[in-house]
Amino acid sequence: MFRLLAVAAPRVCSSRFALPRGISTVESGTAYENHTISIFNCLGASLERTGGAGDNGVDFRGPWALPDQQQFYLVGQCKFYERKKIGPSVIREWEGVMSRQELDTLGVVTASSGFTSSCIQAALSSIYPIALVTIDGGDQLSRYKNIEESIRGFVWNKAADAFIGKLVVAKKHYDMCKIDHPDPAMYTIQLLWDGQPLPPSVSG
71 MFRLLAVAAP RVCSSRFALP RGISTVESGT AYENHTISIF NCLGASLERT
121 GGAGDNGVDF RGPWALPDQQ QFYLVGQCKF YERKKIGPSV IREWEGVMSR
171 QELDTLGVVT ASSGFTSSCI QAALSSIYPI ALVTIDGGDQ LSRYKNIEES
221 IRGFVWNKAA DAFIGKLVVA KKHYDMCKID HPDPAMYTIQ LLWDGQPLPP
271 SVSG
């Protein structure tokens with residue numbers, strides 16, 4: 071059964087996000103979940119946070135409307151760690167969550183420190199539509215002007231092609247003469263749809 075989903079209008083996002091010092095692990099995780107939701111909502115989704123007791127492993131959910139594409143539902147889980155990359159056990163657990171979702175659902179796992187190669191392989195070989203998104207968190211975010219610039223990686227498996235197969239992920243490098251980044255190799259990524267930044271109304 072497919073849901074009737076409302077179209078979400080693209081949003082222009084330019085606010086900064088940073089975690090206050092000295093907050094608890096739970097507070098850090100909640101802040102990262104809210105940051106992730108803000109990013110996807112900037113990209114045309116209409117997500118709400120569901121994290122907490124009884125969330126059944128889902129931290130956020132809601133529709134995502136892409137240009138000239140049939141709407142679909144998105145459920146996601148966030149992993150905020152300062153240094154630890156996410157391993158394949160998370161994917162095995164996430165497949166259990168996905169097995170309880172309806173057919174029009176894309177599953178997204180976000181991580182602040184990225185994913186191990188075995189985790190990526192587990193996701194790519196899954197029968198469920200899964201995308202892995204690396205999103206900076208905490209003090210890392212002070213370097214970005216727009217919150218969507220904190221996306222550092224975006225990969226998905228073949229099962230997810232029906233949802234986001236037309237998406238193009240390109241590296242976005244910075245002019246070090248104009249922007250003060252501590253790492254001269256610093257880049258984020260740019261999500262493109264039909265050759266235009268996603269969403270088309272958010273550019274520059």
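Numbers given in this note's numbering equal positions in the sequence shown, counted from 1, plus 70.
C-beta atoms are modelled at their ideal positions from N, C-alpha and C, and glycine is treated no differently.
On a predicted model such as this, the values are computed, not experimentally measured, just so you know.
- [ ] Look at the alpha carbon of Y151 and the alpha carbon of L237, and state the distance between them as a whole number of angstroms.
- [x] Roughly 27 Å separates the two Cα atoms.
TODO: Helix, strand or coil for I234, going by three-state DSSP, please let me know.
DONE: In the three-state DSSP reduction, I234 falls in the helix class (H, G or I).
Task: Which residues DSSP lists as bridging W263, in chain order - done: Beta-bridge annotation (DSSP): W263 is paired with L237 and Q266.
- [ ] In angstroms with no decimal places, state the Cα-to-Cα distance between Q141 and D174.
- [x] For Q141 and D174, the distance between alpha carbons rounds to 9 Å.
TODO: Just tell me which of Q171, D129, V128 and A201 has its CA closest to the CA of V239.
DONE: Comparing Cα positions, the closest option is A201.
Task: I234 vs I221 beta-carbon contact at 8 Å - done: No, they are not a contact pair.
Task: Candidates I161, A229 and F224, of which the one nearest L261 by Cα - done: Ranking I161, A229 and F224 by Cα distance to L261 puts F224 first.
Open item on the list: Per the DSSP calculation, C148 is bridged to which residue(s)?
Closed with: DSSP links C148 through a beta bridge to T180.
- [ ] Identify which residue in L144, V128, I161 and G127 has its Cα closest to the Cα of A134.
- [x] The residue asked about is misnamed: residue 134 is Trp in this sequence, not Ala. Of the candidates L144, V128, I161 and G127, the one whose C-alpha sits nearest the C-alpha of W134 is L144.
Task: Spatial neighbours of I259 in its chain, beta-carbon cut-off 8 Å, leaving aside the 5 residues before and after - done: Closer than 8 Å at Cβ, skipping near neighbours: I221, R222, G223, F224, V239, A240, K241 and K242.
- [ ] Figure out for me which residue from G207, A193 and G184 has the closest Cα to the Cα of K228.
- [x] K228 has its Cα closest to that of A193, out of G207, A193 and G184.
Task: Cβ pair V128, V167 closer than 8 Å - done: A contact, by the Cβ cut-off of 8 Å.
TODO: Determine the direct distance from the alpha carbon of N104 to that of E165, and round the result to whole angstroms.
DONE: In a straight line, the C-alpha of E165 is about 23 Å away from that of N104.
- [ ] Find out if the Cβ-Cβ distance for the pair K155, T186 is shorter than 8 Å.
- [x] Closer than 8 Å, so yes.
Task: N-terminal and C-terminal residue of the alpha helix (DSSP H) that P158 is part of - done: P158 -> alpha helix (DSSP H) spans P158 to M168.
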